[in-house]
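Only one structure is covered here, and it is reproduced in the block below.
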Amino acid sequence: MHSAQLPENELAGIYERILGFYKRKKIKSIILYLLFIFYFSIPSFSIPFLEYGSFRITSIMEQRAVEHYLIYYPRQCWTSLNNIAPSALKAVISMEDGSFFRHKGIDWKELKSSLKVNKRRGRSVRGGSTITMQTAKNLFLTTRKSILRKTKEFIISFRMEKELTKMGILRNYINAVEWGDGIFGIKKAAEVYFKKDPPDLSVYEASRLAAVIPSPLKHSPAVNSGYVLRRSSIIRGRLNDIVLDENPKPVKKRKRR
């Protein structure tokens with residue numbers, strides 16, 4: 035008479051196989067584990083919703099709140115692109131990412147140029163981040179510099195370019211970007227610095243707002259510093275080069291004679 039046997043425990047079998055693989059290839063197992071953890075630390079599931087919805091809080095806002103010991107928590111002021119002066123959108127693009135509508139999240143040419151300049155100067159004097167990369171950082175990461183954060187920024191940027199339209203990325207960026215201590219988004223910035231709503235901003239005011247984006251905690255759009263005057267003047271000279279078109283025509287190369 036055959037004795038009854040319990041059904042094989044499938045979970046235990048899988049565990050034994052994984053354990054055997056780990057013992058045979060320990061280094062490869064550790065690498066796969068780290069990649070697994072790293073992959074699931076990327077906010078891939080929330081990215082598609084950014085095309086239609088709005089966010090309440092960003093990682094940069096949380097960082098600033100912690101830096102203020104949670105005594106003050108930044109508030110989000112959301113507005114649509116239709117409620118923003120076109121000159122303000124052009125000003126931001128012209129200063130932060132002139133090739134925004136042409137690249138796929140990473141402007142490799144600009145990044146290469148920035149690395150060369152920084153290496154020659156011996157310090158970081160020029161950034162190579164695109165608007166997509168800055169949006170990824172503002173929404174999901176922090177301002178703390180590290181190789182891990184930059185890698186995440188690259189991955190999220192690729193995902194955003196795949197899941198969102200260019201105008202969707204721009205809308206999230208213009209509403210998330212920091213413009214001063216506790217000032218996030220163009221609606222709040224326009225109210226604080228110029229007592230206006232975003233559609234009422236003049237070209238001059240829009241250029242001053244865009245001028246301080248790289249250092250919003252150091253410079254103010256309302257102060258006539260050399261930094262603001264110089265950069266805003268450069269921005270106004272570039273405005274005619276920016277076309278708010280998500281599908282720009284390819285640039286035709288001139289034939290060499």
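If you count the sequence shown from 1, you need to add 34 to reach my numbering.
Cβ atoms here follow ideal geometry from the backbone N, Cα and C, with glycine treated the same way.
Assignment of beta-bridge partners to Glu212 by DSSP yields Phe218. In this structure Phe89 touches Leu173 by the C-beta definition: roughly 7 Å separates them, less than 8 Å. In this structure, the beta-carbon distance from Met129 to Ile269 falls below 7 Å. Straight across, the Cα-Cα distance linking Leu251 with Val277 is about 29 Å.
Between Ala170 and Glu187, the gap from beta carbon to beta carbon is short of 7 Å. By the neighbour-count criterion, in which 16 or more other beta carbons inside 10 Å mark a residue as buried, Trp142 falls on the exposed side. When secondary structure is reduced to three states using DSSP, Trp142 falls in the helix class. Straight through space, the alpha carbons of Pro82 and Arg193 are spaced by roughly 9 Å. CA-CA distance, Pro77 to Arg183, rounds to 13 Å. The C-beta distance from Ile208 to Leu123 rounds to 7 Å, short enough to meet the 8 Å contact threshold. A straight-line Cα-Cα distance of about 6 Å links Gln110 and Phe218. C-alpha of Asp275 to C-alpha of Ile61: approximately 52 Å in a straight line.
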